[in-house]
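Report on the following structure.
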Amino acid sequence: MSEIQLYKSTEFERKIFEKFGIKIIDLTVEKLEKMICDYLDENNVLHLATSLNDVPRSTPLEYRHIGTTIYHFSERGGKFLNLAKNPNVALSLSSPYDPHKDFFGARGLQYWGTAQFFHPQKEPKQFAEILEESGFKAILERVQKELLNGLELPASGGEGIIPKLIKITPKKITLLDLRKGVRNASMVY
């Protein structure tokens, strides 16, 4: 069961917001989850933070989502080494804005969760299901057809590269979109 945590604005903050036409809205779990999913739909790149032995790593990644669960398709990188030892992750997305034109125009999402990855040879059924559901299968088919001119990729992905799917399940997601009346509203799972 999810719950909402809302940032409580001070009277002074509410007056400032009102002056700039911002009214913080009342949210239900369903409304906030829809706003989070809509924001995820508007974007396709996130920054995934992993950590191992107190050394953080942040990686920009293309993603897909089903509801609030995030998926990424990748062949290799330090993130896999980190995730194998520490599945706890954080990620963020943000929209560009010009604070000189609209100081309250910042929009973004923070996300804390647990990652797991699926290997095509070790978990073929789950790998295939997630590949299909997440939309990555259609992208890979297009790449193979249009960019590789029908060339078959080696089963390993070539040069020892084996593609994997990362699934990130949320623990907490915080959304900021003041122009839509949302100030650091969090979904806790």
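Per numbering that gives the first Met the number 0: the sequence shown = residues 0 to 188.
C-beta atoms are modelled at their ideal positions from N, C-alpha and C, and glycine is treated no differently.
In this text, all values refer to a predicted model and were calculated from it rather than measured experimentally.
Kindly identify the DSSP beta-bridge partner or partners of residue i.
i	result
Y110	L90, I172
F116	I165
M186	I3, I172
I69	H64, I167
P123	Partner(s): none; P123 has no beta bridge.
R13	Per DSSP, none; premise fails for R13.
L47	T58, L90
V181	D176
Identify, in the order they occur along the chain, each residue of the same chain with its Cβ nearer than 6 Å to the Cβ of residue i, setting aside the five sequence neighbours on each side.
i	result
I69	Y62, I167
A114	L82, P86, V88, I165, I167
G180	K22, I23, I24
Y188	S1, P169, K170
L39	H64
G156	Only weak support exists for where G156 lies, its pLDDT of 48 falling under 50; the coordinates are left without a value.
K84	L51
Thinking C-beta only, is residue j closer than 8 Å to residue i?
i	j	result
L51	L5	no
T9	P169	no
Y110	I65	no
L45	S94	no
F103	R56	no
Q125	F117	yes
Apart from the five residues just before and just after residue i, which ones in its own chain have a Cβ nearer than 7 Å to its Cβ?
i	result
F72	F135, P162, L164
E158	Only weak support is given to the placement of E158: the predicted model assigns it a pLDDT of 47, under 50, and the question is left unresolved by the model.
G112	V88, I167, T168, P169, K170
Quick check: what's the CA-CA separation for residue i versus residue j?
i	j	result
R141	K18	50 Å
F11	S185	22 Å
L174	I138	28 Å
D97	A105	8 Å
E128	E122	10 Å
F16	D37	23 Å
R13	K7	10 Å
S133	E145	20 Å
E41	T49	24 Å
N43	H99	26 Å
D53	I35	30 Å
Of all the options the options, which has the alpha carbon lying nearest to the alpha carbon of residue i?
i	options	result
K78	T27, L130, V28, P59	P59
N183	F126, D101, G20, G107	G107
L47	V28, I35, G20, G76	G76
G20	K84, E131, D101, E145	D101
Among the residues of its own chain, which have a CB less than 8 Å from the CB of residue i, if the five just before and after it don't count?
i	result
L31	I3, L174, V181, A184, M186
K33	none
T27	I3
Any heavy atom of the ligand HEM closer than 7 Å to the beta-carbon of residue i?
i	result
R106	Absent from the structure shown: the ligand HEM. Ligands present: none.
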